[in-house]
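See structure below.
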Amino acid sequence: MGLKTPLYDSHVLLGAKIVDFGGWDMPLHYGSQIEEHHAVRRDAGMFDVSHMAVVDLSGARVRDFLRYLLANDVARLKAPGKALYSCMLLPAGGVIDDLIVYFLDEASFRMVVNAGTRGKDLAWIREHAAPFAVSVRERGDLAMIAVQGPRARDKLRALLPEGLRPAAMALDPFVGAGFGSWFIARTGYTGEDGFEIMLPADEAAGTWAALRAQGVAPAGLGARDTLRLEAGMSLYGNDLDEQHDPLESGLAWTVAFDANRDFVGRAALEKARSTPSRRLVGLLLEDRGVLRSHQKVITDPQGAAAVGEVTSGTFSPTLNRSIALARVPANVGRSVQVDIRGKLHNAGVVKPPFVRHGKALIPLV
1 MGLKTPLYDS HVLLGAKIVD FGGWDMPLHY GSQIEEHHAV RRDAGMFDVS
51 HMAVVDLSGA RVRDFLRYLL ANDVARLKAP GKALYSCMLL PAGGVIDDLI
101 VYFLDEASFR MVVNAGTRGK DLAWIREHAA PFAVSVRERG DLAMIAVQGP
151 RARDKLRALL PEGLRPAAMA LDPFVGAGFG SWFIARTGYT GEDGFEIMLP
201 ADEAAGTWAA LRAQGVAPAG LGARDTLRLE AGMSLYGNDL DEQHDPLESG
251 LAWTVAFDAN RDFVGRAALE KARSTPSRRL VGLLLEDRGV LRSHQKVITD
301 PQGAAAVGEV TSGTFSPTLN RSIALARVPA NVGRSVQVDI RGKLHNAGVV
351 KPPFVRHGKA LIPLV
């Protein structure tokens, strides 16, 4: 038996297929993963993401602490509620975790980290917070629901008190705001418009039911994975990990080299960016088959060393084709071959994302 979120009983009542995910009992799907995927792309769906860890950081030097801890620079966060996506690195440049940090005020930030890395993340954060006299508080009293899709805004509006609806619906992307005991952020993991709601755990089941009554479809881990891969978003443990730095994981844009500051892992990244050897690309399968993690990618049939690996792969319900992210030699061309069960299949090299805001960014066939 794994850990259970405050919404576990709600999932069981809906007939969800429960699987282990990072030590948590989570819904894989509620019947049809494909229907759940399309509901998010075309209307609105919701995910239980309460297994992720919400961490509140406070102290007079909390901004200085985060500027040292993270590869991206929280100096960019000026207005309360603004959010920043970043990696937390080892000194050698490997990724401990990818996360989102929210600016609340000059003495308070909120961070959301991945479920599977919760223990090592908290230990690392606390170790480095001590010299800055920053308090680290894990918010086990909170649940988290992601509401995503082109109609997410309209369907969430109905649940908010009337006086708060204009403010909540007018928020810019990557902005959060506290409404009473709720914290509503314009963040997500699907490539669609939407929100992530952090709320008291004892309000989660009622809110989930109220969202269902508004026509928001429950969606599980299966749809969450196909949606995020279509959107070209990384999954920790697949596309990034402690053995690879963000520069070779498609996340160079999350590293702020421009500021005159030191951060954990900077020296290693400075060296890596001067001699890039690998990068993360998108693959679009041209033959029949399904791309999966760990499949070998041949970038030059004549070069024994010119081999990469699929880091995440799936069949895209939106494109009706197989897609993947793959780490390959930096000089990869426009086409490669992928070893699927001992047979080489042709694939085109493309720039992610594959789908954004419901629209295909590559030709459909």
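Following the numbering used here, the numbering of the sequence shown begins with 1 at its first residue and continues without gaps.
Even for Gly, the Cβ is constructed at its ideal location relative to N, Cα and C.
All values derive from a computational prediction rather than experimental measurement.
- Straight through space, the alpha carbons of Ala-107 and Arg-61 are spaced by roughly 7 Å.
- Along the region 304 to 360, the beta strand (DSSP E) occurs as fully enclosed runs of 3 or more residues at 307 to 316, 321 to 329, 335 to 340, 343 to 350, listed in sequence order.
- In the same chain as Ile-340, and ignoring 5 residues on each side of it, the C-beta atoms closer than 7 Å to its own belong to Gly-289, Gln-295, in chain order.
- Distance from Glu-36 to Ala-219 at the Cβ level is roughly 4 Å; contact confirmed, criterion being Cβ atoms closer than 8 Å.
- Counting only runs of 4+ residues, the alpha helix (DSSP H) found wholly inside the region 51 to 82 occupies 62 to 69, in chain order.
- For His-29, no alpha helix (DSSP H) run applies; the uninterrupted beta strand (DSSP E) run containing it begins and ends at 24 to 29, by DSSP.
- In its chain, beyond the 5 residues on either side, Arg-41, Glu-230, Val-355, Ala-360 have a beta carbon closer than 7 Å to the beta carbon of Thr-318.
- The Cβ-Cβ distance between Cys-87 and Pro-200 does not fall below 9 Å.
- Ile-34 counts as exposed, since fewer than 16 other C-beta atoms from the protein chains shown sit within 10 angstroms of its C-beta.
- Restricting attention to alpha helix (DSSP H) runs no shorter than 4 residues, the region 202 to 235 encloses them at 204 to 213, 221 to 230, ordered along the chain.
- The beta carbons of Asp-73 and Arg-266 sit no closer together than 9 Å.
- With contacts defined by Cβ atoms closer than 9 Å, Asp-121 and Val-113 form a contacting pair.
- Minimum Cα-Cα distance from His-51 among the listed residues Gly-31, Arg-139, Arg-151 corresponds to Arg-139.
- Taking 8 Å as the upper bound for CB-CB distance, Tyr-102 and Ala-83 are in contact here, some 5 Å apart.
- Scanning Val-332, Ala-324, Gly-333, Gln-337 for the CA closest to the CA of Pro-353 turns up Ala-324.
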